[in-house]
Amino acid sequence: MANDEHVALIKEGRLDWNAWKVQHKEVIPDL
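Residue numbers for the sequence shown follow the working numbering, so the first one is 21 and each next one is one higher.
What follows is the structure, given as structure tokens:
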């Protein structure tokens with residue numbers, strides 16, 4: 021099952037998602 025936080029970030033938009041990924045490089049997204 022997808023991580024609700026990750027899905028919400030994707031829905032916020034590409035820029036927010038990319039900014040989050042830069043800040044959380046150690047996290048593997050679970051979509």
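Cβ coordinates follow ideal geometry from the N, Cα and C atoms, glycine included.
Just so you know, these numbers come straight off a predicted model, no measurement behind them.
Check, Outcome
"Continuous alpha helix (DSSP H) stretch holding ALA28: start and end", "24-32"
"Distance, LYS31 Cα to GLU46 Cα", "21 Å"
"Where LEU29 falls, given that 16 or more other Cβ within 10 Å makes a residue buried", "buried"
"ALA22 to TRP37 span [Cα, whole Å]", "15 Å"
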